[in-house]
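**Student:**
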Amino acid sequence: MPMIPEAMIALHACSRIGAIHVAVFGGFASNELARRIDHCHPKVIVTASCGIEPKKLIKYEPLIQKAMELSTHKPKKIITVNREMHRNLHFDKDVDLDWHEAMDKAQHPHSYVPVDANDPLYILYTSGTTGVPKGIVRPCGGHAVALRWSMKNSFDVSPGEVFWAASDIGWIVGHSYMIYAPFLNRSPSVVFEGKPVGSPDASTFFRMIEEYQVKGLLTAPTTIRVIENEDPDGLFSKKYDLSSLDHIFVAGENADDALLQWATKTFRAPVVDHWWQTESGWPITNHHVGMGMSIENPATCGKPTPGFNVKVLKEDLSETSPGELGHVHVELPLPPGAMMTIWNDDERFKTAYFSKEGYYDTSDAGVMDADGYLKIGGRIDDIINVAGHRLSTKQIETAIEEHDEIAESAVIGMRDDLKGLMPCGLVVKSSRCTKTDDEMRAELIELVRHDVGPVAAFKRVVFVPFLPKTRSAKIVRGTLKKILDGDEFKIPQTVDNPDDFHIIVDILQAQKFE
1 MPMIPEAMIA
11 LHACSRIGAI
21 HVAVFGGFAS
31 NELARRIDHC
41 HPKVIVTASC
51 GIEPKKLIKY
61 EPLIQKAMEL
71 STHKPKKIIT
81 VNREMHRNLH
91 FDKDVDLDWH
101 EAMDKAQHPH
111 SYVPVDANDP
121 LYILYTSGTT
131 GVPKGIVRPC
141 GGHAVALRWS
151 MKNSFDVSPG
161 EVFWAASDIG
171 WIVGHSYMIY
181 APFLNRSPSV
191 VFEGKPVGSP
201 DASTFFRMIE
211 EYQVKGLLTA
221 PTTIRVIENE
231 DPDGLFSKKY
241 DLSSLDHIFV
251 AGENADDALL
261 QWATKTFRAP
271 VVDHWWQTES
281 GWPITNHHVG
291 MGMSIENPAT
301 CGKPTPGFNV
311 KVLKEDLSET
321 SPGELGHVHV
331 ELPLPPGAMM
341 TIWNDDERFK
351 TAYFSKEGYY
361 DTSDAGVMDA
371 DGYLKIGGRI
381 DDIINVAGHR
391 LSTKQIETAI
401 EEHDEIAESA
411 VIGMRDDLKG
421 LMPCGLVVKS
431 SRCTKTDDEM
441 RAELIELVRH
451 DVGPVAAFKR
461 VVFVPFLPKT
471 RSAKIVRGTL
481 KKILDGDEFK
491 IPQTVDNPDD
501 FHIIVDILQA
511 QKFE
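Reading the sequence shown from the start, the letters are residues 1 to 514 in UniProt numbering.
1) If you pair each beta-carbon of the stretch 498-510 with each one of the stretch 462-472, do three or more pairs fall below 8 Å?
2) What three-state label does DSSP hand S15 in the structure shown?
3) Determine whether the beta carbon atoms of H403 and E446 lie at a separation below 8 Å.
4) Measuring alpha carbon to alpha carbon, tell me which of R348, M440, L426 ends up nearest R432.
5) Find out if the Cβ-Cβ distance for the pair G358, E331 is shorter than 8 Å.
6) Starting from S150 and walking both ways along the alpha helix (DSSP H), at which residues does that stretch end?
7) Does the distance from the CB of H73 to the CB of H41 come in under 8 Å?
8) From D201 to K303, what distance separates their C-alpha atoms?
9) Kindly indicate which three-state DSSP category I412 falls into: helix, strand or coil?
10) The beta strand (DSSP E) that contains C424, what's its start and end?
11) Write down the C-beta distance between V461 and V427 rounded to the nearest angstrom, noting that I regard them as a contact closer than 8 Å.
12) Does the stretch 218-229 touch the stretch 161-168, meaning 3 or more C-beta pairs lie closer than 8 Å?
13) Would P109 be called buried (16 or more neighbouring beta carbons within 10 Å of its own) or exposed?
14) Do you know offhand how far G307's Cα is from K59's?
15) Taking just the CA atoms, how far does P120 sit from A48?
16) Thinking just about the alpha-carbon of each residue, which of D256, F28, L89 is nearest to the one in Q395?
17) Please classify Q261 as buried or exposed, where buried requires at least 16 other C-beta atoms within 10 Å of its C-beta.
18) From this set, V411, V190, W171, which residue's C-alpha is nearest L421's C-alpha?
19) What does the Cβ neighbour count give for K474, buried or exposed, with the cut at 16 atoms within 10 Å?
20) Taking C-beta to C-beta, are L97 and I79 nearer than 8 Å?
21) In whole angstroms, what separates the C-alpha of R423 from that of A457?
22) Span of the beta strand (DSSP E) holding H247?
23) Suppose the cutoff is 8 Å on Cβ atoms and the five residues either side in sequence are ignored; what does the same chain contact list for K435 look like?
24) Buried or exposed: which applies to T479, given that a residue is buried once 16 or more other Cβ atoms fall within 10 Å of its Cβ?
25) For the stretch 335-346 against the stretch 136-153, are there 3 or more C-beta pairs whose distance is under 8 Å?
26) Taking 8 Å as the threshold (beta carbon to beta carbon), is P336 in contact with chain B?
27) Between which two residues does the alpha helix (DSSP H) carrying D256 extend?
28) Tell me which residue opens and which closes the beta strand (DSSP E) that M368 is part of.
29) Just how far apart, CA to CA, sit V132 and Y125?
30) Rounded to a whole number of angstroms, what is the C-alpha to C-alpha distance between L147 and I172?
31) Tell me the residue span of the beta strand (DSSP E) that contains residue 515.
32) Helix, strand or coil for C40, going by three-state DSSP, please let me know.
33) Quick check on the burial criterion: 16 or more other C-beta atoms within 10 angstroms. Buried or exposed for Y112?
34) Got a sec? Which residues, its chain only, sit under 6 Å from W275 by beta carbon, not counting five neighbours each side?
35) Please identify the residue among H450, L235, I64 whose C-alpha is closest to the C-alpha of F91.
36) When the Cα atoms are used, what is the spatial distance from A13 to I179?
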């Protein structure tokens, strides 16, 4: 489904009648959609005829039809929201229903169906999965309690105040803080179909904040980077009244100091970095502004949310010293709202997350300081060993992004016969950059040498026009590593704008490193 009111209505309707919903991004690839259909066996599919992108219309009908051909399981009904800009041509009277016609024929609202607190509310498939899909199952009762508590205590949003999770319903942020949390808090929720730029320009978010009097904005750092790259001086923001905005909350990827400072200045509101996962369902750490916690350490993800006993551990499961990089775990039990299992795979649930007795394994690396503030250093897989030195690729990315002419970066550990792995930086220059590639490369190498140290052995820099990401804003690091290492690879089905992926492939395959 695209980001339209009918998507919200459909999901809330499922909740009302006790049905389990499974939401995916609009325009999802047919073969990936078919895999999910076969995995969760939906009785009904609710979709739309199309989605709107800034430069194109995405027709969903051929994607759905192809998925139905590929899947073994066949849903009984397909309900389609036919939009004015495009209507589905295919119609099977035994399977297809038109949303608007069905609504016109509806006699009365269906009464709500009571369910147990631990009954499943929804299944949400994690992004970028390969092999058997991994569907996270969320319980009803604990999820409602956690989200309601977090709206005031973590995000400082009271009933009646507007909250905008600038996300998609196919991502956990959309599920938790667009679909459910605002309504549980009696707060209006903003649903936006478009992009931060190109809809029509970089003023979109500022216009939306003023028009809807948004108090809290939750988004990914990529969104802010895109706006900054298009409008580096923040000229558009000066045209709008942003006085309603109290905080911007960012999560999902690295937010470097320069980005935080630019966003704070441009949006005229403090930026709060926090950390959580699809599996947790709500913030594991935050600065909890609603509890009076100050943002005195904005470069961190804050402190643990009450109920999450976060530990940074060494390989022998002893705790690290303050400031020491380690493997982030949460001591059991997990609080209300966390996942309850993986759909149809309880054994995988245990082995993937609870292989270390007494702990939930987040698969993230991080550092906790003496005051209890956590800084995430990326996935454990993003920790690279360079000639015996364990380095966080996120630490190198943070150093790169301190440069005021860099929009964003991704550091990948390339195979190296001598050192084992060597960091390679894929770097996107900002629109205001006027220096040559050689000049920028030299400056970035010196920046990393200064901030991280010579042990990083950072010498490989590749300039790219964009970083390929999934629809949930995750950089496809595994695929990029395969390309750089010269291994066979497949373009991930979950990648955003797959038609442009060849641009990155051509650039990377043309590189010759010493």
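For every residue, glycine included, the Cβ atom is placed at its ideal position computed from N, Cα and C.
**Tutor:** From the atom records:
1) Touching, yes, given that three or more Cβ pairs across the two stretches are closer than 8 Å.
2) helix
3) no
4) M440
5) yes
6) 140-153
7) yes
8) 36 Å
9) strand
10) Run containing C424: 420-429, per the beta strand (DSSP E) assignment.
11) The beta-carbon separation of V461 and V427, rounded to 6 Å, stays under the 8 Å limit for a contact.
12) Because the criterion of three Cβ pairs below 8 Å is met, the stretch 161-168 and the stretch 218-229 touch.
13) By the Cβ-count criterion, P109 is exposed, with fewer than 16 other Cβ atoms from all chains shown falling within 10 Å of its own Cβ.
14) 44 Å
15) The C-alpha of P120 is placed about 25 Å away from the C-alpha of A48.
16) D256
17) exposed
18) V411
19) So K474 ends up on the buried side.
20) yes
21) Looking at the sequence itself, residue 423 is Pro, so the reference to Arg does not match. Going by the C-alpha atoms only, they are around 7 Å apart.
22) 247-250
23) The residues are E405, E443.
24) buried
25) yes
26) Here there is only one protein chain, and chain B is not present.
27) Counting along the chain, D256 falls outside any alpha helix (DSSP H), and DSSP gives it neither H nor E.
28) 359-368
29) About 11 Å.
30) One C-alpha to the other measures close to 12 Å.
31) Residue coverage of the chain in this structure runs from 1 to 514, which leaves residue 515 outside it and unanswerable.
32) helix
33) Exposed, because fewer than 16 other Cβ atoms sit within 10 Å of the Cβ of Y112.
34) I284, T285, C301, I376
35) I64
36) Straight-line measurement puts the Cα of I179 at about 12 Å from the Cα of A13.
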